[in-house]
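Q: The opening residue of the sequence shown carries number 1 in the numbering used here; numbering runs sequentially from there. Got a structure for you, questions after.
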Amino acid sequence: MSKRDYYEVLGVSKSASADEIKKAYRKKAMEYHPDRNKDNPDSERLFKEAAEAFDVLKDPNKKARYDQFGHQGMNTGGYREPDFQGFSMEDIFSQFGDIFGQDMFGGGGGRRGQARSRRSAGRPGDDMKINLKLTLEEIAFGVEKKLKVKKHIICDSCSGTGAESSSDFMTCPTCNGMGEVRQVSRTMFGQFVNVQACPTCQGEGRTVKNKCKSCGGEGRTKSEETVKVKIPSGVGKGNYLTLRGQGNAGIRGGEAGDLIVVIDEAEHQYFERKGDDIYYDTNISMPDAILGTEIEVPTLKGKAKLRVEPGTQAGKLLRMREKGIKGLNSQRFGDQYVRVNIYTPEKISDDEKTVLENLRDSKNFDPAQKLSQAKGFFTRIREAFS
């Protein structure tokens, strides 16, 4: 299937400035983010399409080539058209972290998007993702967790070099230490140079003559580490925290990957969460609803007493200020709402039945009486203004 014009995807003209292109991409990325479009099956495709367009138009050289040759010209002469369809949302936000500023937890931009002054030795390690289920109490006030993570760590024997000794490194004979090879080809567009990572050293520029016996030359081994992560209050299901450099160790000294901690919420025994507010259902007797009472209810910090006023109706919400969840990156607490339900016994004694029979004919217990009173009130209001 042919791709749409990149300018059309971002909604900008060919004369758009770099800032205008950046703003347009940010707007589209936020508009099509799947978390905001859970009912739209096309949102993820449109999100990634915008990322592809921005990857080309933000680069002056790629943009100039695209303006001249279109999509066809982006796959020749050492260029490769981007394809983010296999990437996750975290990958794309991490790659363009400088566009979105700090992440939701206050971290810096993405590691993959950061420019490097020089090529580091080795190959970078893979990112990892782990799910972390939190209780509502932990979410309400924030918590520090210790996570046991099985991953690649730096080899102790060779300190991550992959070689038995420092003298066991050799300059790659294929690329002469450059880490890349070039191929010149002639096409209908002219002469182009295709630059690729060296197939012998995988871009490292050197090879290992005598490999470390402990790690087989990789410079890393499989193990388990305990990682500390501080979770702020107010997070929700699907939020994630990126721990830079806490993923798999790189190969032969390469940069470590990131550990992405995805938040999940455990179902609570009593409370239902709605944003930073929580809801609790309580049952009281009919006499208590009529006469008023004081009840004890659970909160996120323990039990508390709550006054139920006389004449409280079934379904009424009683508000307990700032007994909810502390908001994300905020000092404000949500509220706790207690929903009042009137308990009706299924069986009663003869004496109780006699009392209720006597009350049945009382106007105070007749719902129609209250409706009649309300109608009389509005009639008086109309007469007063007629």
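Don't be surprised by glycine CBs; every beta carbon is placed ideally from N, CA and C.
Quick check: the segment 45–62 against the segment 3–23, are there 3 or more CB pairs under 8 Å?
A: Yes: the two stretches touch, three or more of their Cβ pairs being nearer than 8 Å.
Q: Using the DSSP secondary-structure output, state which residues sit across from Glu272 in a beta bridge.
A: Paired residue(s): Tyr279.
Q: For Ser233, count neighbouring C-beta atoms within 10 Å of its own C-beta (all shown protein chains included) and say buried if the count is 16 or more, exposed if not.
A: Ser233 is buried by the Cβ-count criterion.
Q: Classify Leu134 as buried or exposed, calling it buried when 16 or more other Cβ atoms lie within 10 Å of its own Cβ.
A: It is buried - the Cβ of Leu134 has at least 16 other Cβ atoms within 10 Å.
Q: For Tyr6, I'd like the list of residues in its chain whose CB is within less than 7 Å of its CB, leaving aside the five on either flank, ordered along the chain.
A: Taken in chain order, the residues that qualify are Ala53, Val56, Leu57 and Tyr66.
Q: Quick check: the segment 318–333 against the segment 271–286, are at least 3 beta-carbon pairs closer than 8 Å?
A: The segment 271–286, when compared against the segment 318–333, does touch it at the 8 Å Cβ threshold.
Q: Name, in chain order, the residues that DSSP records as bridge partners for Arg182.
A: Per DSSP, Val195.
Q: By how many angstroms is the C-alpha of Thr344 removed from the C-alpha of Val261?
A: Using only the alpha carbons, I get a separation of about 47 Å.
Q: Among the residues of its own chain, which have a CB less than 6 Å from the CB of Lys230, if the five just before and after it don't count?
A: So the qualifying residues of the chain are Glu144.
Q: In chain order, what residues of the same chain lie with their CB nearer than 8 Å to the CB of Glu224, ignoring the 5 residues before and after it?
A: Closer than 8 Å at the Cβ level, and outside the excluded window around Glu224, lie Lys148, Val149, Lys150 and Lys151.
Q: How big is the Cα-Cα spacing for Gly238 and Ile263?
A: Distance between the alpha carbons of Gly238 and Ile263: 5 Å.
Q: Taking the alpha carbon of Tyr279 as the point to measure from, which residue in Thr293, Arg319, Gly247 and Ala289 has its own alpha carbon closest?
A: Taking only the C-alpha atoms, the option nearest Tyr279 is Arg319.
Q: Let me confirm a value: Asp366 is counted as buried when at least 16 other C-beta atoms fall within 10 Å, else exposed. Which label applies?
A: Under this definition Asp366 is an exposed residue.
Q: Only counting the same chain, and skipping five residues up and downstream in sequence, which positions put a Cβ closer than 8 Å to that of Leu291?
A: For Leu291, where only same-chain residues beyond five positions count, the Cβ hits under 8 Å are Pro310.
Q: Which stretch, first to last residue, makes up the alpha helix (DSSP H) that contains Leu300?
A: Where Leu300 is concerned, there is no enclosing alpha helix (DSSP H), given that its DSSP letter is neither H nor E.
Q: Taking Cβ positions, are Asp127 and Gly257 nearer each other than 8 Å?
A: For Asp127 and Gly257, yes; Cβs fall inside 8 Å.
Q: Return helix, strand or coil for Ser15, following the three-state DSSP convention.
A: Residue state, collapsed to three classes: coil.
Q: Who does Asn131 pair with in a DSSP beta bridge?
A: According to DSSP, which records beta bridges pairwise, Asn131 is partnered with Val262.
Q: Work out the CA separation of Val235 and Val308 for me, nearest whole Å.
A: Cα to Cα, Val308 sits roughly 32 Å from Val235.
Q: If you draw a straight line from the alpha carbon of Arg4 to that of Gly122, how long is it in whole angstroms?
A: Computed Cα separation, rounded: 37 Å.
Q: Can you find at least 3 beta carbon pairs, one from the segment 45–52 and one from the segment 20–31, that sit closer than 8 Å?
A: Yes: at least three Cβ pairs fall under 8 Å.
Q: Which same chain residues, not among the five before or five after Tyr337, have their C-beta less than 8 Å away from its C-beta?
A: Counting only Cβ-Cβ distances below 8 Å, and skipping sequence neighbours, we find Asp277, Ile278, Tyr279, Tyr280, Leu317, Leu318, Arg319 and Met320.
Q: When you compare the CB positions of Met170 and Lys209, do they come within less than 8 Å of one another, or not?
A: Result yes, Cβ atoms of Met170 and Lys209 sit closer than 8 Å.
Q: Measuring CB to CB, does Gly125 end up less than 8 Å from Gly247?
A: A contact, by the Cβ cut-off of 8 Å.
Q: Is it buried or exposed, Val9, if we count other Cβ atoms within 10 angstroms and call 16 or more buried?
A: Buried, by the Cβ-count rule.
Q: According to DSSP, what are the bridge partners of Met30?
A: DSSP output for Met30 lists no bridge partner at all.
Q: By how many angstroms is the C-alpha of Leu241 removed from the C-alpha of Asp288?
A: Cα to Cα, the separation comes out at about 47 Å.
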